Amino acid sequence: MEKYRQIYNDILERLRNGEFDHDNKLLPSDQQLVMKYKTSRETVRKAMKLLADEGYVQRLRGKGTIAIERRQFLFPVAEIKSYQELVDEAHLESKTTVLSISQSAVPEWLGPVNDTLTWRVVRLREVENEPDVIDYDYILCDVVDEIPIHVAQNSLFAYFEQELGLTIDYAIKKVTVEQATIDDQRHLKISAHTPIVVVRSRTYLADSRILSYTESRHRADRFSSVEFARRVH
């Protein structure tokens, strides 16, 4: 493992353990890290830049480095990960409440309603004891025969892949910012003027069949998406 990656991983673990969360406690200085890891200042700066780019720390000129509040839900738009995988990776305290499971036509946002039948699963996600996300999943009945409530309470992806043997291949996502609906206001405990980040997606299997449609409605004040981008020359 490259040295900067070792430094990055060590500090990330300390951040996740809450070591620097109190009263804007400063992280070790670059010089302290140079001495601790017996490496160059450039290697330390590379590790700290990566932490800053990923939204874990903020570099304050002339003052030092502090941890950034991680209570926002970090949603990777360019990846396919289940909600449970995301909160586990971020070491967040989370609770899922299944609001309903019913059979339904395809969602209206796809256009004219057709005869395709889906399982409509509505779930409220709480992160660090605050409501953050409402997920509306529409799973095609032709692909999945049933959605037990204990599955909806945990992870649909784990059920699809580990129990049903399905192979999830890719998803097409669209992100918009919209006005909060009455249901958003009630479940997320927000006012009518609070914007909502809406991520709508179609998830496909390896055999090109559509598995599901999903509409994730996030409180904008607690939503964050960080992606890596490279300029093409």
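Note that UniProt numbering has the sequence shown beginning at 1, numbered continuously upward.
Each residue gets a CB set at the ideal place from its N, CA and C atoms; glycine is no exception.
All figures in this text were calculated on a predicted structure; none of them were measured in a lab.
Can you give the Cα-Cα distance for residue i and residue j, rounded to whole angstroms?
i: residue 43; j: residue 53; result: 15 Å
i: residue 212; j: residue 63; result: 49 Å
i: residue 26; j: residue 206; result: 47 Å
i: residue 122; j: residue 216; result: 10 Å
i: residue 152; j: residue 141; result: 15 Å
i: residue 161; j: residue 167; result: 6 Å
i: residue 133; j: residue 98; result: 12 Å
i: residue 12; j: residue 19; result: 10 Å
i: residue 145; j: residue 200; result: 23 Å
i: residue 66; j: residue 225; result: 20 Å
Please look up how many angstroms separate the CB atoms of residue i and residue j, rounded, as I've assumed it's under 8 Å.
i: residue 83; j: residue 125; result: 6 Å
i: residue 177; j: residue 220; result: 7 Å
i: residue 56; j: residue 3; result: 18 Å between Cβ atoms; not a contact.
i: residue 131; j: residue 173; result: Going by Cβ atoms, the distance from residue 131 to residue 173 rounds to 22 Å, so no, they are not a contact pair.
With a threshold of 16 other CB atoms inside 10 Å of the CB of residue i, please say whether the residue is buried or exposed.
i: residue 192; result: exposed
i: residue 61; result: exposed
i: residue 196; result: buried
i: residue 109; result: exposed
i: residue 170; result: exposed
i: residue 218; result: buried
Practice item. Tell me the start and end of each unbroken beta strand (DSSP E) in the segment 140-199 that is at least 3 residues and wholly inside, in chain order. Key: 168-179
Review point. In the segment 31-65, which residue ranges form an unbroken beta strand (DSSP E) of at least 3 residues, counting only runs that do not cross its ends?
Key: 57-60
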